[in-house]
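Trainee: There's a structure below that I have some questions on.
In the numbering used here, the protein residues as written are 35 to 162.
Right, here's the structure in full:
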């Protein structure tokens, strides 16, 4: 019963979620990606009275590997969600190969990334 209630709560949260704002017009097509990602002075908050990310900058070149580490609640997953435009930033810019992600469609932005969620699932049994 408790599991069912938790599942129902997640469904209702999804149904109550705000719709994404439309892409900027005109969103332009993007050439073949080179792989440079830059966050320039990015700021973000979930609630108006609580800043979460303030003046955050990061540049990652093509082929470069970067690890973002920190304690729970530090904003690691939020940075990835901002990069993929699941949320819109409050300030600064996020650039893919020099193009502001707000000038691209969400499909174009999200098509450039693979995402592995942090939730883990453990099943009883064996793999055969």
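Every residue, glycine too, gets a C-beta built ideally from N, C-alpha and C. The structure displayed is predicted, hence computed values, not measured ones.
1. At 3 residues or longer, and completely inside the stretch 90–157: list those beta strand (DSSP E) runs for me, N to C.
2. With distances taken from CA atoms, which of 117, 102, 133, 125 is nearest residue 75?
3. Could you check the C-alpha separation between residue 41 and residue 151 for me, to the nearest Å?
4. Apart from the five residues on each side of it in sequence, which residues of its chain come closer than 6 Å, Cβ to Cβ, to residue 85?
5. Below 8 Å on the Cβ atoms is my contact criterion, and I expect residue 96 with residue 69 to pass it. Report the Cβ-Cβ distance as a whole number of Å.
6. When you compare each of 158, 159, 146 to residue 66 by their alpha carbons, which one comes out closest?
7. I'd like to check one pair, residue 113 with residue 90: are the Cβ atoms closer than 9 Å?
8. In the structure shown, what three-state DSSP assignment does residue 47 receive?
9. Below 9 Å between beta carbons: does that hold for residue 140 and residue 54?
10. According to DSSP, simplified to helix, strand and coil, what is residue 55?
11. For a quick check, are the C-beta atoms of residue 92 and residue 108 less than 9 Å apart?
Mentor: Here's the rundown:
1. 125–130
2. 125
3. 18 Å
4. Sequence-distant partners of residue 85 (beyond 5 residues in either direction) whose C-beta falls short of 6 Å from its own C-beta, in its chain, are 79.
5. 3 Å
6. Comparing Cα-Cα distances from residue 66 to each of 158, 159, 146, the minimum goes to 146.
7. Against a cut-off of 9 Å, the Cβ pair of residue 113 and residue 90 comes out as a contact.
8. helix
9. yes
10. coil
11. no
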